[in-house]
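Undergrad:
Number of protein chains: 2
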Amino acid sequence: MDLPVERLEQVPAYRKVSDALENLIRTGELKPGAVLPNETDMADRFGVTRATVREGIRLLEQSGLVDRPSPKRLAVSRPALGSIASQATRALLMHDVTFSELWEALLAVEPATAGLAARRATPELVQQLEDNVSRMARSIGSFDEFIQLDVEFHDLVGKAAGNRALLLARDSFSVLVERSSAAMLPKLMTFGRIIDIHTAIFSAIKRRDENEAQHQMHRHMVDFKRGYEIAGFHADQPLVI
Amino acid sequence: MDLPVERLEQVPAYRKVSDALENLIRTGELKPGAVLPNETDMADRFGVTRATVREGIRLLEQSGLVDRPSPKRLAVSRPALGSIASQATRALLMHDVTFSELWEALLAVEPATAGLAARRATPELVQQLEDNVSRMARSIGSFDEFIQLDVEFHDLVGKAAGNRALLLARDSFSVLVERSSAAMLPKLMTFGRIIDIHTAIFSAIKRRDENEAQHQMHRHMVDFKRGYEIAGFHADQPLVI
DNA sequence: ACCAATTTGTCCGTATGTATG
DNA sequence: TCATACATACGGACAAATTGG
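Chains A and B, in that order, give the protein sequences.
Be aware that the first sequence starts at 1, since it is given in my numbering, and climbs by one per residue.
Be aware that the second sequence starts at 1, since it is given in my numbering, and climbs by one per residue.
#1: Could one say the Cβ of G64 (chain B) lies closer than 9 angstroms to chain A's Cβ atoms, at least one of them?
#2: Can a CB atom of chain B be found closer than 9 angstroms to the CB of S172 (chain A)?
#3: Just how far apart, CA to CA, sit A204 (chain B) and N38 (chain A)?
#4: Between R164 (chain B) and the rest of its own chain, which residues show a CB-CB distance below 7 angstroms, the 5 nearest in sequence each way excluded?
#5: 9 angstroms is my cut-off, CB to CB: does S100 (chain B) come that close to chain A?
#6: Once the 5 residues before and after A34 (chain A) are set aside, which same chain residues still bring their CB inside 6 angstroms of it?
#7: In its own chain, which residues sit with a C-beta less than 8 angstroms from the C-beta of S83 (chain B), not counting the 5 before and 5 after it?
#8: Roughly how many whole angstroms lie between the Cα atoms of L3 (chain B) and Q10 (chain B)?
#9: Output the distance between the C-alpha atoms of D155 (chain A) and L92 (chain A), rounded to the nearest integer angstrom.
#10: Between which two residues does the alpha helix (DSSP H) holding R170 (chain B) run?
#11: Would you please verify whether the beta carbon of H154 (chain B) is less than 9 angstroms from any beta carbon of chain A?
#12: With distances taken from CA atoms, which of A:T199, A:E22, A:S86 and A:M184 is nearest E229 (chain A)?
#13: Using the Cα positions of L59 (chain B) and R68 (chain B), report the straight-line distance between them to the nearest angstrom.
#14: Does the count of Cβ pairs from the region 193-201 of chain A and the region 127-147 of chain A closer than 8 angstroms reach three?
#15: Please state whether the Cβ-Cβ distance between G115 (chain A) and M42 (chain A) is less than 9 angstroms.
#16: Evaluate the contact criterion for the region 144-151 of chain A versus the region 171-191 of chain A: three or more CB pairs, one atom per stretch, below 8 angstroms.
#17: So, at 7 angstroms on beta carbons, what are the nonlocal neighbours of M1 (chain B) in its own chain, with the 5 sequence-adjacent residues on each side left out?
#18: Using the Cα positions of V222 (chain A) and R45 (chain A), report the straight-line distance between them to the nearest angstrom.
#19: Below 8 angstroms on the Cβ atoms is my guess for V109 (chain A) versus R170 (chain A); work out the distance and round it to an integer in Å.
#20: Counting only the same chain and skipping the five closest in sequence on each side, list residues whose C-beta sits under 6 angstroms from that of F298 (chain A).
#21: Output the residue ranges of the alpha helix (DSSP H) runs that lie fully inside the region 93-166 of chain B and measure 4 residues or longer, sorted by chain position.
#22: For a contact meaning CB atoms closer than 9 angstroms, what does Y14 (chain A) contact in chain B?
#23: Rounded to whole angstroms, what is the Cα-Cα separation between T199 (chain A) and M189 (chain B)?
#24: Determine the DSSP secondary structure at E6 (chain B), reduced to helix, strand or coil.
#25: With 7 angstroms as the limit, tell me which residues of the region 115-138 of chain A have their beta carbon closer than that to any beta carbon of chain B; keep them in chain order.
#26: Does DSSP classify R208 (chain B) as helix, strand or coil?
#27: From E212 (chain A) to H215 (chain B), what does the alpha carbon distance come to, in whole angstroms?
#28: Would you tell me roughly how many angstroms separate the C-alpha atoms of A13 (chain A) and R90 (chain B), rounded to the nearest one?
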């Protein structure tokens, strides 16, 4: 009888190495901080050569599951949320997401974040937000500085919310917002309105008014889209960057 | 005078290779689909050996910037949003995110997604949602099947929303929700209530009622948290998985 | 503060299976 | 069909740098 041909998946050895290590990590046998054996050791254990082990390590290195605390030591680590976010940013860009898609996501995430920030902001972060707002008021005239402060404001709100799941989502969009702002602001010169809303958001956070923080952030997002369109860009086309 | 020691970063050659290629991709000189030279070629151009080139390629391979359409051809590709999402899932898990963090993010994302789904769902997706709901009504008795259908329902809503930025965020949470549901449902047996709300959401999407879809999804999320706590889990602790 | 052993980074040459033209 | 080209994998080697005594 003719058997169905065993389509045995040809998994490269270097991937077997990384899969094996990844499993050890996921199952908790290797916890973050644990030091891995040296390359020759692992080559012996897996029955492959060092070159193969090294290729496997590169895969884990890029996914952030391992890193080198010192040049000669390889340890298990937890993937930095920031690096995941920047990978997400790049992916969204390469998929030609439209401004509308970005904006709809912002509309979901940013007001919620602001609300949580009003609930949880630490005194330090409230202070940092206040600094940011007052610096922004003095930064008129320099686009770059203004935009930088704008991004910083929203990042601070994100931090203040104390939610890493939302933060990850936010950070994935943050750079895209920055680029879009940089493209539209010079054509608008609506510094005053942005400063006003930032002030309103900050003030709501400071007095722990969740609804108001949320509401003002919502307004801020609506303004953002209006500005983008007034600046002459098309929201339903891929981001102008 | 003793200068601050030039901390000249010793960047490994394999990283230079991947950085160089990554730049070519980011600047658009190499667009998705473009075929890269073979390993020996690149080794010559970069002035390194093949082993080094291969290590560099592994880095790009893991980040999804290159892949092999056929075993011998290496091409530029756009990172799959799904793989980014699963990396995000893993990262959130390893950072011990709490149920509350997950839930707050869901509360921001899921209702917004449902609203957009009501606006944009294609007939095909409406049909798939209807199938899902009716299959779920018949699936009582099998936890696994029920949970699978639950996840599928939300994924379908995510697809129907037609927003890749939100989809990426959603997919990052989806597996975590699935595991949490799997942990709590056996202790609750509230199948009926879930089916009712899914039905309400589906019906709102079908008749293009954005507000109602959003509102029902919100209720669904509130139920989710209540269930988690009633099942005896602590929302402010890392996910039970 | 020095020295020795270890380990990484990198190179070279070779073998093998297989996809492509 | 067949030959070539190419990726995968092996083995051995060496310098440089770090670690640990």
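Heads up, the beta-carbon is just placed ideally off N, CA and C, and yes, glycines get one too.
TA: Walking through what the data contain:
#1: yes
#2: For S172 (chain A), the answer is yes, since a Cβ of chain B falls inside 9 angstroms of its Cβ.
#3: 58 angstroms
#4: Cβ within range, chain order: L81.
#5: Interface residue, yes.
#6: Closer than 6 angstroms at the Cβ level, and outside the excluded window around A34 (chain A), lie V76.
#7: G64
#8: Low per-residue confidence applies at L3 (chain B): pLDDT is 36, beneath 50, and the placement is therefore not dependable, though the value from the model is reported in the following sentence. Distance between the alpha carbons of L3 (chain B) and Q10 (chain B) is about 19 angstroms.
#9: 19 angstroms
#10: R164 to L188
#11: no
#12: A:M184
#13: 14 angstroms
#14: Touching, yes.
#15: no
#16: yes
#17: With a pLDDT of 36 at M1 (chain B), under the threshold of 50, the modelled position of this residue cannot be trusted, and the question is left open.
#18: C-alpha separation (whole angstroms): 58 angstroms.
#19: 6 angstroms
#20: The question about residue 298 (chain A) has no answer, for chain A in this structure spans 1 to 241.
#21: 99-120, 123-137 and 143-160
#22: R54 and R58
#23: 48 angstroms
#24: Legend: pLDDT at E6 (chain B) = 39, less than 50; position of this residue unreliable, value from coordinates given subsequently. In the structure shown, E6 (chain B) sits in coil (DSSP, three-state: anything other than H, G, I, E or B).
#25: So the list reads L116, given in the order they occur along the chain.
#26: coil
#27: 20 angstroms
#28: Near 23 angstroms, if we compare the C-alpha coordinates of R90 (chain B) and A13 (chain A).
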